[in-house]
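Below: one structure, written as structure tokens.
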Amino acid sequence: MVKSPTAKSWFPYALLVAAAIALDQWVKYLVETGLAFQEKVDLVPFLALYRTYNTGIAFSMFSSFGDTGLVVIAAFVVAFVLYLAARTPPGHVLTRIGFALIVGGALGNLFDRVTYGHVIDYILFHTPVWSFAIFNLADAFIAVGAVVVVFDELIGWRREAKPSSD
Numbered sequence: 009m010v011k012s013p014t015a016k017s018w019f020p021y022a023l024l025v026a027a028a029i030a031l032d033q034w035v036k037y038l039v040e041t042g043l044a045f046q047e048k049v050d051l052v053p054f055l056a057l058y059r060t061y062n063t064g065i066a067f068s069m070f071s072s073f074g075d076t077g078l079v080v081i082a083a084f085v086v087a088f089v090l091y092l093a094a095r096t097p098p099g100h101v102l103t104r105i106g107f108a109l110i111v112g113g114a115l116g117n118l119f120d121r122v123t124y125g126h127v128i129d130y131i132l133f134h135t136p137v138w139s140f141a142i143f144n145l146a147d148a149f150i151a152v153g154a155v156v157v158v159f160d161e162l163i164g165w166r167r168e169a170k171p172s173s174d
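Take 9 as the starting number for the sequence shown in the numbering used here and just add one per residue.
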């Protein structure tokens, strides 16, 4: 069987998606089996582990949509990001890496939602008087992936915007 160049060019990104999902699920397994539910474990003064469950999306938004609605939203987002990735030229490696991280993180959280009916969160940034939303590695992959995509697009835009010297 002859592989198309397109399939071969997507292999590293598919591998990154699989690695992100595997790492996310492995860490969540460790959290589920080794961290007490809703008991803060301080690591440093501003960072703690705190296992809890998110029944919504990003800061518990849309929790009223129910499991089926949230699965549909997550599947739509993954499909849209894959569509954008497919339209990204092969030379935009950083953008494709960013899309792969977004898809890997989204699928990691989607797996939780389908399997457990919630997403397992466990990272808490805080101060004595303030705390950030609790999140997980999949959320970090999504955020980092989005920053990478925006950064690469801005670099590309600046590159294209430079006037040529004749």
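Positions of the beta carbon are idealized from the N, C-alpha and C atoms, including for glycine.
Since the model is a prediction, treat every value here as computed from it, not as a measurement.
**Message:** According to DSSP, is I131 part of a helix, a strand, or is it coil?
**Reply:** Position 123 of the sequence shown, counted from the start, is the residue given in the question as residue 131. Correct three-state label for I131: strand.
ask   = Going by alpha carbons, who is nearest to G28 out of A146, I131 and L78?
value = Residue 28 sits at position 20 when you count from the first residue of the sequence shown. The amino acid occupying residue 28 in the given sequence is Ala; Gly does not appear at that position. For the residues A146, I131 and L78, the minimum Cα distance to A28 belongs to A146.
message: Once the 5 residues before and after I142 are set aside, which same chain residues still bring their CB inside 8 Å of it?
response: Position 134 of the sequence shown, counted from the start, is the residue given in the question as residue 142. Cβ-Cβ distances below 8 Å link I142 to Y58, T60, N62, D129, Y130, I131 and L132 in the same chain, with the five nearest sequence neighbours on each side left out; the list follows chain order.
What residues in its chain sit with their C-beta under 8 Å from that of I110, if we drop five residues either side in the sequence? Taking the sequence shown and counting its residues from 1, the one referred to as residue 110 is at position 102. Here the set comprises V89, F149, I150, G153, A154 and V157.
| query | Okay, do the stretch 79-95 and the stretch 107-124 touch, 3+ Cβ pairs below 8 Å being the bar? | reply | Verdict: yes, contact present.
(Q) Quick check on DSSP: helix, strand or coil for T123? (A) Residue mapping note: residue 123 aligns to position 115 of the sequence shown, counting from 1. DSSP places T123 in helix when its eight states are reduced to three.
- Can you name, in chain order, every residue of its own chain whose Cβ lies under 8 Å from the Cβ of I105, other than the five neighbours on each side? As a first step, residue 105 must be located in the sequence shown, where it is residue number 97. Excluding sequence neighbours, I105 sits near Y21, L24, G153 and V156.
So, using beta-carbon positions, are D50 and A44 closer together than 8 Å? Translated into the one-based positions of the sequence shown, residue 50 becomes position 42. Translated into the one-based positions of the sequence shown, residue 44 becomes position 36. Between D50 and A44, the gap from beta carbon to beta carbon reaches 8 Å or more.
Where does K16 land, buried or exposed, given buried means 16+ other C-beta within 10 angstroms? On the sequence shown, position 8 is the one that residue 16 refers to. Under the 10 Å beta carbon count, K16 is surrounded by fewer than 16 other beta carbons and is classified as exposed.
| task | Closer than 7 Å by C-beta to Q33: which residues in its own chain qualify, once you throw out the five before and the five after it? Chain order, please. | result | Against the sequence shown, residue 33 aligns to sequence position 25. When the five nearest sequence neighbours on each side are left out, the beta carbons in the same chain lying within less than 7 Å of the beta carbon of Q33 are those of G116 and F119, in order along the chain.
query: How should L78 be labelled, buried or exposed, when 16 other C-beta atoms within 10 angstroms of its C-beta is the threshold for buried?
result: Taking the first residue of the sequence shown as 1, we reach residue 78 at position 70. So L78 counts as buried.
Own chain residues within Cβ distance below 8 Å of S139, not counting five before or after:
Counted from its first residue, the sequence shown places residue 139 at position 131. Sequence-distant partners of S139 (beyond 5 residues in either direction) whose C-beta falls short of 8 Å from its own C-beta, in its chain, are L132 and F133.
- request: Determine the closest residue to V122 out of L162, G74 and L92, with distance taken between C-alpha atoms.
  value: As a first step, residue 122 is located in the sequence shown; it is residue number 114 there, counting from the start. When each option's Cα is compared against that of V122, the closest is G74.
Practice problem: Check the C-beta distance from L92 over to D160 and give it rounded, since I have them as a contact under 8 Å. | Solution: Looking up residue 92 in the sequence shown gives position 84. Looking up residue 160 in the sequence shown gives position 152. That pair is no contact at about 12 Å.
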